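Chains as they are written, first to last, in numbering that gives the first Met the number 0: chain P, 0 to 192; chain D, 0 to 192. These notes concern the structure reproduced below.
2 protein chains.
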Amino acid sequence: MEYELILKNISRFIDLNPEEENFYTSLLVKRIIGKKDFLMRPGEIIKNEYFIVKGCLKVYTIDSKGVEHISMFAISDWWTGDLSSFLTEQPTKYYIQALEETEILQLSKENSEVLFEKIPKFERFYRILYQRSLISYINRSDQNISVSAEDRYLYFTQKYPSLLNRVSQKDIASYIGVTPEFLSLLRKKMSTR
Amino acid sequence: MEYELILKNISRFIDLNPEEENFYTSLLVKRIIGKKDFLMRPGEIIKNEYFIVKGCLKVYTIDSKGVEHISMFAISDWWTGDLSSFLTEQPTKYYIQALEETEILQLSKENSEVLFEKIPKFERFYRILYQRSLISYINRSDQNISVSAEDRYLYFTQKYPSLLNRVSQKDIASYIGVTPEFLSLLRKKMSTR
DNA sequence: GGAAAAAAATAATGTACATTAAGAAATCAT
DNA sequence: ATGATTTCTTAATGTACATTATTTTTTTCC
């Protein structure tokens, strides 16, 4: 069934009875984002959070020199969006683009407020979800200032093996913070050992 | 009164009645960390979260070459600890050291579980706290891969002006991910403009 | 207050990574 | 399938930042 994956995602942290499950899924909107289409562009005020059912997206900014910097990839069973814009109602600076045809479920800000009122244990769900995200972002920002590009690449290959064949090297380079040329060189050096 | 600051911190996101306030503060333990003393060392399993009443701490790791990497500073009205060790009960990799005599309030894991049971709206408090932390760590990790050292330093001076006179340049250099020598050079270059 | 220790500045040299440019390989669109 | 795009590789050169070493300044502490 359509909502199986998202309900399973939620049941990792909280238990819902069938009635609550129905209420929750009634708040969701399903969307398909075609390959290369955008889910978000800079300047928009983000009114939703997104759960990825199927597919793959990249979240990135473009700097003043026109260079793309990938902030994260989002695949099946992950959440994405722009928490900052969602919370502050300021325009986002991110692009989110589908690398493949992608199916998402979106939950609007109004509906998430309704949700917290009606089923307060969703506060717990998000508490735990954000707690765990926070841990991985703390790690990532520590790593970005203390670890060489080669080790960041190695870490990426170990942490996200499923992305290796799905995402271009150019995008991986952007994610780990180097140019595609330098990553190509690194990979050559690493393979001759 | 002793708990004024922490109760004010909490009241930013949730309302507590006097009874709840008393119950909450009864779960806290007050500690003083002397200058240069450690609140945490690698290998320990972290059983508390810490709120800083007064003083200043640095959170850092030491890499395989013996180089210190500062992950964050923590000052009055901030929370600190090691969420990862706290959650997973694995040994921490962090040192937390007081840069000045520092007064903290600690909440143990057991007590935080009691707290969530007795006053579920603390789930909401932590949901919002983590959400906001997450936003700033997402920013920081984006910044670390896409922004020059000079701009990271500028951003630091703007975001944490109060730390500039309190923390050594060497520690600021570590936080932004450069050597103290290079930060010194940057500052000289910046001052002659 | 003065010696010792730590932090900061300066400078020379070294290295990780960026930039530019060009060709080869893979992917895409008709 | 075949040309057109995009991605990947390779290589030369350039630059941001690291390393090492020395000197100056500031802080610590008895």
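Just so you know, even glycine gets a beta-carbon here, dropped at the ideal spot from N, CA and C. Model, not experiment: these values are computed from the prediction.
Give the straight-line distance between the Cα atoms of residue 61/P and residue 145/D, rounded to the nearest whole angstrom. Between residue 61/P and residue 145/D, the alpha-carbon positions lie close to 10 Å from each other.
Could you compute how far the alpha carbon of residue 136/D sits from the alpha carbon of residue 136/P? Rounded to whole angstroms, residue 136/D to residue 136/P spans 6 Å at the Cα level.
Nearest-angstrom Cα separation, counted from residue 18/P out to residue 171/P: Distance from the CA of residue 171/P to the CA of residue 18/P, rounded to the nearest whole angstrom, comes to 42 Å.
What is the DSSP secondary structure of residue 39/D, counted as helix, strand or coil? Reduced to three states, the DSSP call for residue 39/D is strand.
Taking only beta-carbon positions, decide if residue 125/P is within less than 8 Å of chain D. True, the Cβ-Cβ gap to chain D drops below 8 Å.
Going by beta carbon distance, what residues of the same chain come within less than 8 Å of residue 96/D, once the five residues before and after it are set aside? For residue 96/D, where only same-chain residues beyond five positions count, the Cβ hits under 8 Å are 35, 36, 37, 38, 56, 57, 59.
In the DSSP assignment, the alpha helix (DSSP H) including residue 142/P goes from what residue to what residue? Counting along the chain, the alpha helix (DSSP H) containing residue 142/P begins and ends at 120-145.
Tell me the rounded alpha-carbon separation between residue 111/D and residue 134/D. Near 23 Å, if we compare the C-alpha coordinates of residue 134/D and residue 111/D.
Distance between beta carbons of residue 51/D and residue 79/D, contact taken as under 8 Å: The Cβ separation is near 7 Å, so the contact holds.
If we cut at 8 Å on Cβ distances, does residue 24/D have a partner in chain P? No, because no Cβ of chain P sits closer than 8 Å to the Cβ of residue 24/D.
According to DSSP, residue 77/D sits in a beta bridge with which residue or residues? In the DSSP output, where bridge partners are listed per residue, residue 77/D has none listed.
Within 8 Å of chain D by C-beta, residues of the stretch 106-125 of chain P in sequence order: Residues of the stretch 106-125 of chain P whose Cβ lies closer than 8 Å to any Cβ of chain D, in chain order: 115, 119, 120, 122, 123, 125.
I'd like to know whether the C-beta of residue 60/P is nearer than 8 Å to at least one C-beta of chain D. The beta-carbon of residue 60/P is placed less than 8 Å from the nearest beta-carbon of chain D.
Spatial distance of residue 193/D from residue 32/D (CA atoms): Outside the modelled stretch of chain D, which goes from 0 to 192, sits residue 193/D, for which no answer is possible.
Using a C-beta to C-beta distance shorter than 8 Å, which residues of chain D count as neighbours of residue 16/P? From the beta-carbon of residue 16/P, no residue of chain D is found nearer than 8 Å; the closest lies around 17 Å away.
Length of the line joining the Cα atoms of residue 167/D and residue 77/D: Roughly 20 Å between the two C-alpha positions.
In its own chain, which residues sit with a C-beta less than 8 Å from the C-beta of residue 176/P, not counting the 5 before and 5 after it? The beta carbon of residue 176/P is closer than 8 Å to those of 68, 143, 148, 151 in its chain, skipping five residues each way along the sequence.
Can you find a CB in chain D that lies within less than 8 Å of the CB of residue 170/P? No, residue 170/P does not count as interfacial toward chain D.
Skipping 5 residues on each side, what residues in its chain have a beta carbon closer than 6 Å to that of residue 159/D? Cβ neighbours of residue 159/D beyond the five flanking positions: none.
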